[in-house]
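Counting from 1 along the sequence shown, just add 10 to a position and that's the residue number in my numbering. Comments concern the structure below.
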Amino acid sequence: MKQLYRSYAQSTEIFTKYSKDYEKHFTLETIGKTWEKRDINLITISSDIKNAHKKPALFFTGTIHAREWVGHELAIEFTKYILENLEHDLMLQEYLEKATIYMVPCANPDGYEYSRNHFSFWRKNRRVNADGTFGVDLNRNFPIGFISSSKTNSNIYGGPNPFSEPESQALRDFVLAHKNITIALDYHSQGNVFFPAHDFRHEDTLDTSDMNILCANMAEEIRKISGREYGIHQGKPPAKLISGSGREFYYSQGIISSVVEVGTRNISDYMEDMNENLREHIPALLSAVKEVPNYKKNSKVIRVKSFEVSDIGSSHVDLAWEYEKDENIYFEVYRSNQNKMFCMDANLLAKTQSHCFSDINLESNKDYFYNIRAVNKKTRIKSPFFPQIRVKTSLEFDEFSRTYYASAATTGYVSENLKSNHKHFGINSLFVGVDENKGISYALITINVKTLASNAIIKSASFNLYPINRVSTTIEKYGEWNVGIVNQDTMGDITSFDDVDTMDIVSYIGQATQSSQLTQGIWRSWHLSGIECLTLKKYIKNDQIVLRVEGPKELKIARSKQMMQWDIGYGKFGFGLTYRPRLELTYHVDTNITSLYPKEVNTISNKSILNNVATCGFDNEGKKIYSFFEFNLSSLPTYDYTMITKAYFELNSKAIYIKDDIRFHLEFIDENTMKSYKAISSREIIQNIGYDVSANELKNNQTQYFMFDSFAQIELNKKLKEKVDVSFILKATSSKKSIKNKTISWELLNKDLAPKLIIEHISKRRFPVKEVENAKILNDNGKTKIVWENPKDADLKGVLIIKNAYRAPLSHVDGQKLYAGNDEFTYDEFGAKDISKYYAIFTYDDVPNYSKPVFIKYEAKK
Ligand SMILES: [Zn+2]
């Protein structure tokens, strides 16, 4: 395994050779000496090495942790790739025309050699500590968030003080002397995850979207090559934050900065895994190089000034933004359906010079994420991204939705070899898979769905788990994780491994998650098919759904674990309540059917108006005879609580048949039309109902249905609101010029055959309940407390609070969710005191309809 990894001396030799062979493009220099007097190498790659320092630059650091060999190896391979391809690869030439690459292939040469030659799992450098122990964790020796400790033998001992080590001093001095660095990537192993700088804040920073997108674009390059999915996790309080790291120091210098955790082991099998990792990280790195010029400090291509949602519908989202007038600027707008997704050609919605864009053809009740940047069409330099907008499209008029979270006390994991499985419930994260101590482990998730209407017809559903850590899934491409619906009649004790192992799974849902798709920091969703939605509904028992999550059940030889850890939102590893397992449903309900009989029927001809007769056609002068129908809607439930979902008109002809080409048309007309031949002839038509029917067709089918289209249905809903009568006209047309004395009559007296307006409707609240009142921020012993008063309304189901550091939230999902529930107060436990921010409070009902938000602004303490 160690054979193919190169030693520090070997890489120095390779780089020395490159500096001779490729002197126009490559230099090797020393930026410091280690405790053991090794040179700390720094290499520079540029299309024009003399002017390299004048261009914006990427700063790559590898193997600051001794046992994480990938960084050193990747630096060698990346350099080799560029130098060997630069001559003929136009894309590479263009990238390097605009950007310089600096690399410290191995930031911890002493530790690396110690790990290679003696103790594989050594992590620190080789300082001799005052007490005779060895080593400082160099990635805890930087000043941002530095933690003083006397535990010198700890693996994460940060040293006596920040920058106490020659290695970290060398990195500091180089970065401070090279203000052209715009992006810093620090390579570690393992975990298949990016950790962008977190800035020690709960709130996102202005450049959070930039860092997430940079990492997501790199991740997408990796996925294209191997199918492997990388997580992106910024690590916010209440998660444990990494103190004194290089990444946070670079970020403090205005550099976009991320750690890259490569692979699934500290030291991977070279031929099987490392080769593949190297190959997939080269295009990922190139995508970062491509972004380097766009993050130049004081760039003239600045972010858009604002980015707003002007309207949200069930199938569209309208966006608008502001920018100083500049003919050379156009905008790129990107859309994705998941957080932390890439912004590439594949999801580029628009390139436009306009300041607005309407996105259409969207699905109802779905999350969409929008990103925008400005581009100078001459220089092709792009601006940073504006903070991402998240919206959820509205429900369709006949839809409801629910978001259900796992019930803590009945959610947990059980392991084959553990005696105290019941103790995991409600407290511990969900460990699923297999390891040599615990044996096989399952997770059991119980979800209370009491508020789901009993007549609900589930239209779409997804089950979502938040991956905390994949660090224990150490075997590449082995195993899959599945979620099954439990038949609760076979369930037994959910805290007993044997019972869980033998319970009956009626159906697995969605697609299996492969080990290569396990990520950290990006929700994993299992989307249910239509049939699975039916099964889910069928197996609700005592208002509960129970799901079982399972992973691989056997270990490979010499490997100790293949275990995934998912969040339950509680406990010492949990990221907080919003990260609980979540079931999202969109559903319909059975409709009520109301058949209305006409209040009045007339036959209106040039000569007369007849009551209680329905005849239609042409009189003996060839003039039209109309049938007129009027209905009263008062027997329907009130508008505010009713949605008309379908409507149609039923007519039955009397058995008098004619052969001429006559067709009959039903028209929805203005209810104020006078019942006179003149008024009817010049009537105001709202909409034609359904398709016309020929006289000939009546021969085969006495009963005719005229269906309302969407527009007619909207109009009918309006009439319900206004509580007015609705009127219809049946008219005849013919292709013949002179057609006379031809009429058809329609059944009236027989109730079964009489004209009917058939309306399908559901009871659904149309409008949200009122907003909260008297919302304000209080200081409760140093903690930020938000208080408000709920409206007194029996239909109020709760309030939702969203926090956003840049703007008053544009929707009920545009920001961090802080609270949902029935209380009239909450705390912002982890909020940074020195950042101004907005809180938006929404009320919601059973549908849910969300009220307009009530905004409160927190002003930062200076
Ligand atoms: Zn590391």
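For each residue, glycine too, the CB sits at the ideal point set by N, CA and C.
In the stretch 207-285, which residue ranges form an unbroken alpha helix (DSSP H) of at least 4 residues, counting only runs that do not cross its ends? 218-236 and 256-262
Supposed close pair Phe144, Arg77 - CB separation, criterion 8 Å: As a first step, residue 144 is located in the sequence shown; it is residue number 134 there, counting from the start. As a first step, residue 77 is located in the sequence shown; it is residue number 67 there, counting from the start. Rounded, the Cβ-Cβ distance is 14 Å, inconsistent with contact.
Residue ranges of each beta strand (DSSP E) within the stretch 359-439, 3 or longer: 366-369, 377-386, 399-402, 410-415 and 422-425
Please determine whether the Cβ atom of His208 lies at a distance below 8 Å from any heavy atom of ligand 1. Here residue 208 corresponds to residue number 198 of the sequence shown, with the count starting at 1. Checking the Cβ of His208 against ligand 1 gives no.
Assign Asn61 to one of two classes, buried (16 or more other C-beta atoms within 10 Å of its C-beta) or exposed (fewer than that). Counting from 1 along the sequence shown, the entry for residue 61 is found at position 51. Exposed.
Just how far apart, CA to CA, sit Trp45 and Glu104? In the sequence shown, counting from the first residue as 1, residue 45 sits at position 35. In the sequence shown, counting from the first residue as 1, residue 104 sits at position 94. Computed Cα separation, rounded: 40 Å.
What do you reckon, is the C-beta of Ile851 under 8 Å from a heavy atom of ligand 1? On the sequence shown, residue 851 is found 841 positions in, with the first residue counted as 1. Result no, Cβ not under 8 Å from ligand 1.
Using the three-state DSSP reduction, which class does Lys548 fall into: helix, strand or coil? On the sequence shown, residue 548 is found 538 positions in, with the first residue counted as 1. If DSSP states are grouped into helix, strand and coil, Lys548 belongs with the helices.
Are Gly808 and Gly831 closer than 9 Å when you measure CB to CB? In the sequence shown, counting from the first residue as 1, residue 808 sits at position 798. In the sequence shown, counting from the first residue as 1, residue 831 sits at position 821. Closer than 9 Å, so yes.
In the DSSP assignment, the beta strand (DSSP E) including Thr753 goes from what residue to what residue? Here residue 753 refers to the residue found at position 743 of the sequence shown. Taken as a continuous stretch (DSSP letters only), the beta strand (DSSP E) holding Thr753 covers Lys752 to Ser755.
List in chain order the residues whose CB is within less than 5 Å of at least one heavy atom of ligand 1. His75, Glu78 and His198
Ser720, enclosing alpha helix (DSSP H) - first and last residue: Taking the first residue of the sequence shown as position 1, residue 720 is located at position 710. Ser720 -> alpha helix (DSSP H) spans Ser720 to Glu732.
Can you tell me the Cα-Cα spacing of Asn431 and Thr421, whole angstroms? For the purposes of this step, residue 431 is taken as residue 421 along the sequence shown, with counting starting at 1. For the purposes of this step, residue 421 is taken as residue 411 along the sequence shown, with counting starting at 1. Each residue's alpha carbon lies about 11 Å from the other.
Contact between the stretch 711-730 and the stretch 652-672: three or more CB pairs below 8 Å? yes
Neighbour-count burial assignment, His128, 16 or more Cβ in a 10 Å radius: Position 118 of the sequence shown, counted from the first residue, corresponds to residue 128. Under this definition His128 is an exposed residue.
With distances taken from CA atoms, which of Thr413, Asp671, Lys656 and Pro765 is nearest Asn727? Position 717 of the sequence shown, counting from 1, holds the residue named residue 727. With distances taken between Cα atoms, Asn727 lies closest to Lys656.
Identify which residue in Gly256, Val493 and Asp509 has its Cα closest to the Cα of Gly155. The residue labelled residue 155 in the question sits at position 145 within the sequence shown. Closest option to Gly155, Cα to Cα, is Gly256.
Can you tell me which residues form a DSSP beta bridge with Tyr849? Along the sequence shown, one-based indexing puts residue 849 at 839. Answer by DSSP bridge pairing, in chain order: Lys813 and Ile866.
For Asn357 and Ala873, the rounded distance between their alpha carbons: Outside the displayed range of the chain (11 to 872) lies residue 873, so it cannot be described from this structure.
Span of the beta strand (DSSP E) around Glu490: Reading the sequence shown from its first residue, position 480 is the one you call residue 490. Start and end: Glu490 to Val496.
So Phe639 and Val611 are in contact, right, with Cβ under 8 Å, and what is the actual spacing, rounded? The sequence position of residue 639 within the sequence shown is 629, counting from 1. The sequence position of residue 611 within the sequence shown is 601, counting from 1. Correct: roughly 6 Å between the Cβ atoms.
Give me the residue from Lys786, Lys634 and Asn338 with the minimum Cα distance to Ile614. Indexing the sequence shown from 1 puts residue 614 at position 604. Checked all of Lys786, Lys634 and Asn338; the closest Cα to Ile614 is Lys634.
Reducing DSSP to helix, strand and coil, say where His82 ends up. As a first step, residue 82 must be located in the sequence shown, where it is residue number 72. The answer is helix: DSSP assigns His82 an H, G or I state.
Apart from the five residues on each side of it in sequence, which residues of its chain come closer than 7 Å, Cβ to Cβ, to Val138? The sequence position of residue 138 within the sequence shown is 128, counting from 1. Excluding sequence neighbours, Val138 sits near Phe144.
Length of the line joining the Cα atoms of Ser374 and Ser404: By one-based count along the sequence shown, residue 374 stands at place 364. By one-based count along the sequence shown, residue 404 stands at place 394. Whole-angstrom Cα-Cα distance: 6 Å.
Do you know whose CA, among Thr529, Asn386 and Arg558, lies nearest Ile519's CA? Your numbering for residue 519 matches position 509 in the sequence shown. It is Arg558 whose Cα lies nearest to the Cα of Ile519.
Going by other Cβ atoms of all chains shown within 10 Å of its Cβ, with 16 needed for buried, is Pro591 buried or exposed? Locating residue 591 in the sequence shown gives position 581, counting from the first residue. Per the 10 Å Cβ criterion, buried.
Measuring alpha carbon to alpha carbon, tell me which residue in Ile370, Ile382, Asp377 and Arg289 is nearest Ile312. By one-based count along the sequence shown, residue 312 stands at place 302. Comparing Cα-Cα distances from Ile312 to each of Ile370, Ile382, Asp377 and Arg289, the minimum goes to Ile382.
Would you kindly report the start and end of the unbroken beta strand (DSSP E) that includes Arg590? Within the sequence shown, the letter at position 580 stands for residue 590. No beta strand (DSSP E) contains Arg590, which DSSP labels as neither H nor E.
Per-residue burial, Ile679 [other beta carbons within 10 Å of its own, 16 or more giving buried]: Locating residue 679 in the sequence shown gives position 669, where the first residue counts as 1. The residue in question, Ile679, is buried, as its Cβ has 16 or more Cβ neighbours within 10 Å.
For the alpha helix (DSSP H) that contains Met101, what are its first and last residues? Reading the sequence shown from its first residue, position 91 is the one you call residue 101. Segment Leu100 to Lys108, the alpha helix (DSSP H) holding Met101.
By the three-class DSSP mapping on this structure, what secondary structure does Leu96 have? The residue you call residue 96 lines up with position 86 of the sequence shown. Coil, per DSSP.
Is it buried or exposed for Thr413, if we count other Cβ within 10 angstroms and need 16 for buried? One-based indexing of the sequence shown puts residue 413 at position 403. The residue in question, Thr413, is exposed, as its Cβ has fewer than 16 Cβ neighbours within 10 Å.
By DSSP, does Arg345 sit in helix, in strand, or in coil? For the purposes of this step, residue 345 is taken as residue 335 along the sequence shown, with counting starting at 1. Three-state DSSP puts Arg345 in a strand.
On the three-pair Cβ rule with 8 Å, is the stretch 392-400 touching the stretch 299-313? yes
With 16 as the cutoff for other CB atoms within 10 Å, does Leu440 come out buried or exposed? Residue mapping note: residue 440 aligns to position 430 of the sequence shown, counting from 1. Buried, by the Cβ-count rule.
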